[in-house]
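Read the structure below first, then the notes.
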Amino acid sequence: MLEWLEELFEQEPDQEWLRPRQSPAEQDFEPQAWHAMYFEAFDALQYDRFFGAMGGEGPIYYSALSQYARDHGISGDRLKRFHTFMNAIDGEWLKIQRECAEAAEAERKSKDAQR
27 MLEWLEELFE QEPDQEWLRP RQSPAEQDFE PQAWHAMYFE AFDALQYDRF FGAMGGEGPI
87 YYSALSQYAR DHGISGDRLK RFHTFMNAID GEWLKIQREC AEAAEAERKS KDAQR
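Position in the sequence shown (from 1) plus 26 gives the number in this note's numbering.
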């Protein structure tokens, strides 16, 4: 959770839009038509990254993002936005993957401790 956002909400409790979200399920998100390009790009590029032998993932390679942009005629200011939004989507993906791995590790340790 973002501590600075919690502090800001405490100072301005009547500003509901500042309320920190507890989980992705609580977030109000309605996909818009313009999101489709980014989700389609993510689907196409999500495996163009480093996967560690012992688990873990790295971000989508810059070269993969750039080639995708060239292939789809994305340039100029659109290219900057493309990289920004793709890095944001990928960052969320990596965060979710890390949280899942940590939860699985905690569960494994819990089962081992019970033996």
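Just so it is clear, CB atoms sit at the ideal spot from N, CA and C, and this is done for glycine as well.
Quick caveat, the model's predicted, so the values are computed rather than measured.
Per DSSP, Phe65 has no beta bridge partner at all. Annotated three-state conformation of Glu56 is coil, per DSSP. From the listed residues Ala130, Met112, Arg141 and Phe77, the smallest Cα separation to Glu66 is found for Met112. Scanning the region 60-124 from its first residue to its last, the whole alpha helix (DSSP H) runs of 4-plus residues come out as 62-71 and 88-97. Between Tyr73 and the set Ile86, Met63 and Glu128, the nearest pair of CA atoms involves Ile86. For the pair Ile115 and Tyr64, the CB atoms are nearer than the 8 Å cut-off. Gly82 and Arg75 do not touch by the CB rule: their CB atoms are close to 10 Å apart, not below 8 Å. Distance between Leu91 and Thr110, taken at the CA atoms: about 11 Å. Comparing alpha-carbon positions, the option among Ala127, Glu29 and Ala139 lying closest to Met80 turns out to be Ala127. A distance of 8 Å or more separates the beta carbons of Ala70 and Tyr88.
Linking Arg96 to Gln140 through their CA atoms gives a straight-line distance of about 54 Å.
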